[in-house]
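Worksheet: one structure, shown below.
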Amino acid sequence: MPIVDAVMPYVVPFALVLARLSGLFIFTPGVSGPLIPVPIKALIVIATTLAVFPTIGPAPAGEISLVTLAPMMLGELIIGSAIGLIIAIPIMSAQMAGLIVGQQMGLGLGVVFNPAIDSDGDIVGQILFFFALAVFLTLGGLEIAHAAVLHTFDRVPLGAFAMGRAPLDMLVGVVGSGMGLAFRVAAPVLVILMLETLATGVLMKTVPQLNVLTFGFPIKIIAATVVLIGALPFIDQAFREEMLVALGAVLHWADNL
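Position one of the sequence shown corresponds to residue 29 (the working numbering), numbered consecutively onward.
Structure (structure tokens):
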């Protein structure tokens, strides 16, 4: 059929563009996870692919079979997912900081499900997660992530991505920086809780007939909550700095592919 013959040459490049863009929806905050239904994600990816596809260069040369197409699509998927993963690490670090704080506050047993990342977490972890997600969105993180993926089409032709070009060193550096961010965010609360524990221990030794457990637990929660609220401006600044570093890293990687 004439229509089928006219469309077939565009099937392979369309599939490769679709794979690169769909990789962005695996880890990128705000669009990954079950909060957005899978059919909606599929419609967004297809619509974005239809908008981008006319500007993409020619398809890979030579005859392509299913055996050769599979590794090509895997390479395209890695490009989008690597960008999303690097951007997601600071937000995962925010939840990690909340988990550390929540455990020390005694809220570890109150584990709830976080639908944004399809995993469990405590109340403090979820609060810091969504706080970091809000910072990410206000910084234009989604727009920068899409711009980075689109920029890779100028640097890497369709089907030409090699596994050795994956940003493993950059990913390790961002993970290490994210760990530091988690402990920096949790540090003020941990210091206050340590002082509260020392004061409670001294009080228990000096007044042994006093039941410390009756008031020690509420005091710990109140003190940690007050410190966490007071530290929010500094936490916001730390999140912004770390996210700007991650966003700049993906743009640099996309520009040097």
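Ideal Cβ placement from N, Cα and C applies to all residues, glycine included.
Owing to the predicted nature of the structure, the values given are computational and were not obtained by experimental measurement.
Our contact map puts residue i next to residue j with C-beta atoms below 8 Å; I'd like the distance itself, whole angstroms only.
i      : j      : result
Met207 : Ile114 : The Cβ separation is near 14 Å, so there is no contact.
Thr83  : Phe42  : Not a contact, Cβ separation roughly 13 Å.
Ile111 : Ala173 : 6 Å
Val184 : Ile247 : At roughly 57 Å, the Cβ-Cβ gap does not stay under 8 Å, so Val184 and Ile247 are not in contact.
Measuring straight from C-alpha to C-alpha, what distance separates residue i and residue j?
i      : j      : result
Val73  : Leu49  : 7 Å
Leu127 : Thr180 : 36 Å
Pro67  : Ser121 : 29 Å
Val59  : Phe53  : 6 Å
Ser205 : Pro57  : 18 Å
Thr253 : Val45  : 47 Å
Ala70  : Phe245 : 48 Å
Ala125 : Phe55  : 19 Å
Ala251 : Ala282 : 45 Å
Pro261 : Leu170 : 23 Å
Val80  : Val39  : 14 Å
Glu270 : Ala98  : 35 Å
Gly153 : Gly168 : 23 Å
Met232 : Ile257 : 29 Å
Leu209 : Val200 : 14 Å
Leu178 : Asp150 : 36 Å
Pro195 : Ala259 : 33 Å
Ala182 : Leu272 : Note that residue 182 corresponds to Asp in the displayed sequence, not to Ala. The alpha-carbon atoms of Asp182 and Leu272 are separated by roughly 23 Å.
Thr96  : Pro65  : 31 Å
Gly103 : Asn284 : 17 Å
Val75  : Ser109 : Correcting the residue identity first, residue 75 is Ala in this sequence and not Val. Approximately 19 Å, taken between the alpha carbons.
Gln123 : Thr234 : 38 Å
I'd like to check one pair, residue j with residue i: are the Cβ atoms closer than 7 Å?
i      : j      : result
Val202 : Ala274 : yes
Val217 : Ile263 : no
Gly61  : Leu105 : no
Ala176 : Met101 : no
Consider the C-beta atom of residue i and the heavy atoms of the ligand MG; say whether any pair is separated by less than 6 Å.
i      : result
Ala176 : The ligand MG is absent from the structure shown, which contains no ligand whatsoever.
The stretch 158-171 / the stretch 181-193 touching (three or more Cβ pairs under 8 Å): no
Cβ pair count under 8 Å reaching 3, the stretch 274-284 against the stretch 209-229: no
Touching by the beta-carbon criterion (3+ pairs, under 8 Å), the stretch 129-136 and the stretch 203-223: yes
Meets three-Cβ-pair contact criterion under 8 Å: the stretch 100-119 and the stretch 161-174: yes
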